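Asks: One structure, as structure tokens, below. Some questions next.
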Amino acid sequence: MILTGPEIVRRRAAGELTLEPFREDFVNPCSYNYRLGPVLRTHAVEPVDPRRDQPLAELVIPSGGIVLQPHRVYLGTTVEEIGGVDTVPCLIGRSSLGRLGVFVQFAADMGNTGASHRWTLEIEAVQPVRLHAGMIIGQVSFWTTVGDLTPYRGHFGRFDDATVPPVAHLTARSR
Amino acid sequence: MSILTGAEIVRRRDLGELTIAPFVPEHISSNSYDLTLGPTLLRYTGDVLDPYRQNPTEELRIPPEGVVLSADRVYLGASVERIGSDQLTPIVKARSGTARLGLYVHMTADLIDIGSLGHTTFQLHAVQPVRVYAGMVLAQVTFWEPVGQIVLYDGKYQNSCGPQASRSWCDAPVEVSA
Chain A
1 MILTGPEIVR RRAAGELTLE PFREDFVNPC SYNYRLGPVL RTHAVEPVDP
51 RRDQPLAELV IPSGGIVLQP HRVYLGTTVE EIGGVDTVPC LIGRSSLGRL
101 GVFVQFAADM GNTGASHRWT LEIEAVQPVR LHAGMIIGQV SFWTTVGDLT
151 PYRGHFGRFD DATVPPVAHL TARSR
Chain B
1 MSILTGAEIV RRRDLGELTI APFVPEHISS NSYDLTLGPT LLRYTGDVLD
51 PYRQNPTEEL RIPPEGVVLS ADRVYLGASV ERIGSDQLTP IVKARSGTAR
101 LGLYVHMTAD LIDIGSLGHT TFQLHAVQPV RVYAGMVLAQ VTFWEPVGQI
151 VLYDGKYQNS CGPQASRSWC DAPVEVSA
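Respectively, the protein sequence lines represent chains A and B. Under this note's numbering, the first residue of the first sequence is numbered 1, with each subsequent residue one higher. Under this note's numbering, the first residue of the second sequence is numbered 1, with each subsequent residue one higher.
Now the structure itself:
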């Protein structure tokens, strides 16, 4: 089941999920808003190859914002550390961003139970759009689980910056 | 279980726990209800969109022969149906037939807040040029049971009528504090 906003607040206070820093006014009826951190990364070499190193160009968002161009993937990070001890976090965008043609977490919206960190965001723009550091870009919902919990020990649970997985990890998965 | 079956959607609607209006029994699927595209679309007229500003839009009425969505822009449509619930979380998804055409019905934010009521805005994006028609079945709404105390939505898109452009400019900028 999906947690309501008040239930998200209650479970955070009980130490059962992480949302840091926390703001009361970011609580929605069934989700919590998160913000875009100040750095974006984008693939510097084409084609992107999961069996090779993937150099990333780093873009620091200036005070006036940065214009994203279509047909590129931008990786961002959440300002907030987000995780659930026994729930599944699902990160999606705010509808206000989707209405502007911004894909946020367009493929992998589901997090891992037990992983808590600043999340890497997958962002794509249909039309040129300006993004601002610190803007509310998305929302996270939390879902209850059924069954025994296995602690998350994967790579992504330790990454705090917009990143791609180490080559060894991806190649192991792609073979 | 946490997602309502089609029969349960009908039962809860009869109990007044959710709104789907107009309601057509043929639109019930095994675990969702089909949504149709309303007669108007919005598209932005500016070159660079900015969530901190109002972005001007123009309205298109979909003619009987349909309208071709081009691949390089976003179009906003709305469901014919008013949907919402004060007890359940609605989640909107494309029909697989729509997805197989390369048409997104939302780019993000499939989740609808508990307490939200109105025409849901579709965030339309075509991977290749696709023709759409007013009244076509485009999407489906599912209903999910929440856990916890409920506080109803009272936000900026409440009682939406027709497609609604982004109102992100209403959100005051916040400082990055981490």
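For each residue, glycine too, the CB sits at the ideal point set by N, CA and C. Nothing here was measured: the structure is a model prediction, and the numbers come from that model.
Is there contact here, the region 131-138 of chain A with the region 96-110 of chain A, by at least three beta-carbon pairs under 8 Å?
Replies: Touching, per the Cβ criterion.
Asks: Verify whether the separation of the beta carbon atoms of B:V137 and B:P90 is less than 8 Å.
Replies: One-based indexing of the second sequence puts residue 137 of chain B at position 137. One-based indexing of the second sequence puts residue 90 of chain B at position 90. No; because the gap between Cβ atoms is not below 8 Å, this pair is not in contact.
Asks: Go through the region 26-65 of chain A residue by residue and report every complete run of the alpha helix (DSSP H) that reaches 4 residues or more, in order.
Replies: Here no run is fully enclosed.
Asks: Give me whichever residues DSSP pairs with B:S96 in a beta bridge.
Replies: For this step, residue 96 of chain B is matched to residue 96 along the second sequence. None, per the DSSP bridge assignment.
Asks: Which same chain residues, not among the five before or five after B:Q54, have their C-beta less than 6 Å away from its C-beta?
Replies: The residue you call residue 54 of chain B lines up with position 54 of the second sequence. Excluding positions up to five away in sequence, the list reads W169.
Asks: Taking B:R13 as part of the beta strand (DSSP E), name the residues at either end of that continuous run.
Replies: What you label residue 13 of chain B is simply residue 13 of the second sequence in a count that begins at 1. Looking at the DSSP string, B:R13 is not in any beta strand (DSSP E); the run it does join, the alpha helix (DSSP H), is 6-14.
Asks: To the nearest angstrom, how far is it from the Cα of A:V104 to the Cα of B:P64?
Replies: Start at 1 with the first residue of the first sequence, and residue 104 of chain A comes out as number 104. Start at 1 with the first residue of the second sequence, and residue 64 of chain B comes out as number 64. Taking the straight line joining both Cα atoms gives about 34 Å.
Asks: Which residues of chain A have a Cβ atom closer than 7 Å to the Cβ of B:Q140, listed in chain order?
Replies: The count along the second sequence starts at 1 and reaches residue 140 of chain B at position 140. In chain order: nothing, as chain A lies at least about 17 Å away.
Asks: Measuring from the CB of A:A125, is there a heavy atom of the ligand NAD at a distance below 7 Å?
Replies: Judged by which ligands are present, the structure shown has none, so any question about the ligand NAD falls away.
Asks: Confirm, please, whether the CB-CB distance from A:I66 to A:R199 is below 8 Å.
Replies: A query on residue 199 of chain A cannot be resolved here, the shown segment of chain A reaching from 1 to 175 and no further.
Asks: Output, in chain order, the set of chain B residues within a Cβ distance shorter than 7 Å of A:R41.
Replies: Translated into the one-based positions of the first sequence, residue 41 of chain A becomes position 41. The premise fails here: A:R41 is roughly 17 Å from chain B at the closest Cβ pair, so nothing lies under 7 Å.
Asks: Taking contact to mean 3 or more Cβ pairs, one atom from each stretch, closer than 8 Å, check whether the region 80-88 of chain A and the region 78-97 of chain B are in contact.
Replies: Taking 8 Å as the limit for Cβ pairs, the verdict is that the region 78-97 of chain B does not touch the region 80-88 of chain A.
Asks: If you follow the alpha helix (DSSP H) that A:V192 is part of, which residue opens it and which one closes it?
Replies: It is not possible to answer for residue 192 of chain A, since the shown part of chain A is limited to 1 through 175.
Asks: Does B:N55 get closer than 8 Å to chain A when you measure Cβ to Cβ?
Replies: Stepping through the second sequence from its first residue, residue 55 of chain B is reached at position 55. Yes - at least one Cβ of chain A is within 8 Å of the one on B:N55.
Asks: Roughly how far, in whole angstroms, is the beta-carbon of B:I20 from the beta-carbon of B:L41, given that I think they are within contact range, below 8 Å?
Replies: Within the second sequence, the letter at position 20 stands for residue 20 of chain B. Within the second sequence, the letter at position 41 stands for residue 41 of chain B. About 22 Å; that fails the 8 Å criterion.
Asks: Applying the 10 Å Cβ sphere with the 16-neighbour rule, what's the burial state of A:H117?
Replies: Taking the first sequence and counting its residues from 1, one reaches residue 117 of chain A at position 117. Classification for A:H117: buried.
Asks: Count the other CB atoms, across all protein chains shown, that sit within 10 Å of the CB of A:R175; report buried if there are 16 or more and exposed otherwise.
Replies: Position 175 of the first sequence holds residue 175 of chain A. Note on A:R175: pLDDT 34, under 50, position unreliable in the model; the coordinate value appears next. A:R175 comes out exposed.
Asks: So B:F122 and B:A139 are in contact, right, with Cβ under 8 Å, and what is the actual spacing, rounded?
Replies: Taking the first residue of the second sequence as 1, we reach residue 122 of chain B at position 122. Taking the first residue of the second sequence as 1, we reach residue 139 of chain B at position 139. That belief holds up - the Cβ atoms of B:F122 and B:A139 are roughly 7 Å apart, short of 8 Å.
Asks: Would you say A:M110 faces chain B, with C-beta separation under 8 Å as the test?
Replies: Translated into positions along the first sequence, residue 110 of chain A becomes position 110. No, A:M110 does not count as interfacial toward chain B.
Asks: For a cutoff of 8 Å on Cβ pairs, would you count A:I82 as touching chain B?
Replies: Counted from its first residue, the first sequence places residue 82 of chain A at position 82. False, the Cβ-Cβ gap to chain B never drops below 8 Å.
Asks: In angstroms with no decimal places, state the Cα-to-Cα distance between B:V68 and B:A134.
Replies: Taking the first residue of the second sequence as 1, we reach residue 68 of chain B at position 68. Taking the first residue of the second sequence as 1, we reach residue 134 of chain B at position 134. If you take the alpha carbons of B:V68 and B:A134, they lie about 12 Å apart.
Asks: In this structure, what does DSSP give as the bridge partners for B:Q140?
Replies: Stepping through the second sequence from its first residue, residue 140 of chain B is reached at position 140. Answer is B:D34, B:K93.
Asks: Counting along the chain, where does the alpha helix (DSSP H) carrying B:S166 start and finish?
Replies: The residue you call residue 166 of chain B lines up with position 166 of the second sequence. Unbroken run through B:S166: none, as it is neither H nor E.
Asks: Quick check: the Cα distance between A:G15 and A:F106, rounded to an integer number of angstroms?
Replies: Translated into the one-based positions of the first sequence, residue 15 of chain A becomes position 15. Translated into the one-based positions of the first sequence, residue 106 of chain A becomes position 106. Each residue's Cα considered, the two are about 29 Å apart.
Asks: Pair every Cβ in the region 23-31 of chain A with every Cβ in the region 39-50 of chain A, then say whether three or more of these pairs are closer than 8 Å.
Replies: Cβ pair count under 8 Å is below three, so no.
Asks: Per the DSSP calculation, B:A126 is bridged to which residue(s)?
Replies: What you label residue 126 of chain B is simply residue 126 of the second sequence in a count that begins at 1. Answer is B:L103, bridged to B:A126.
Asks: Provide the residue span of the alpha helix (DSSP H) that contains A:G98, from first to last.
Replies: The residue you call residue 98 of chain A lines up with position 98 of the first sequence. Note, A:G98: alpha helix (DSSP H), 95-98.
Asks: With DSSP as the reference, please indicate the residues paired to A:H117 in a beta bridge.
Replies: Counted from its first residue, the first sequence places residue 117 of chain A at position 117. Bridge partners of A:H117: A:I82.
Asks: Compare the C-alpha of B:V127 against each of B:S70, B:G16, B:R13 and name the closest.
Replies: Position 127 of the second sequence, counting from 1, holds the residue named residue 127 of chain B. Comparing Cα-Cα distances from B:V127 to each of B:S70, B:G16, B:R13, the minimum goes to B:S70.
Asks: Quick check on the DSSP output: the beta strand (DSSP E) that includes B:A21 runs from which residue to which?
Replies: On the second sequence, position 21 is the one that residue 21 of chain B refers to. Counting along the chain, the beta strand (DSSP E) containing B:A21 begins and ends at 19-21.
Asks: Going along chain A in order, which residues have a C-beta closer than 9 Å to the C-beta of B:E145?
Replies: As a first step, residue 145 of chain B is located in the second sequence; it is residue number 145 there, counting from the start. M1, I2, listed in chain order.
Asks: For A:T78 and A:V102, I'd like the C-alpha separation in whole angstroms.
Replies: For the purposes of this step, residue 78 of chain A is identified with residue 78 of the first sequence, where counting begins at 1. For the purposes of this step, residue 102 of chain A is identified with residue 102 of the first sequence, where counting begins at 1. Their backbone Cα atoms lie some 16 Å apart in a straight line.
Asks: Using a Cβ cut-off of 9 Å, which residues of the region 59-75 of chain A contact any Cβ in chain B, in chain order?
Replies: Listed in sequence order: G65, V67, P70.
Asks: Listing by chain order, which chain A residues have their CB less than 9 Å from the CB of B:S2?
Replies: Residue mapping note: residue 2 of chain B aligns to position 2 of the second sequence, counting from 1. Ordered by position in chain A, the residues that pass the 9 Å Cβ test against B:S2 are M1, I2, W143, T144.
Asks: Per DSSP, what are the beta-bridge partners of A:R72 in this structure?
Replies: Stepping through the first sequence from its first residue, residue 72 of chain A is reached at position 72. According to DSSP, A:R72 bridges with nothing at all.
Asks: Output, in sequence order along the chain, the residues in the region 112-132 of chain A whose CB is closer than 7 Å to any CB in chain C.
Replies: The structure shown has no chain C; the protein chains it does contain are A and B.
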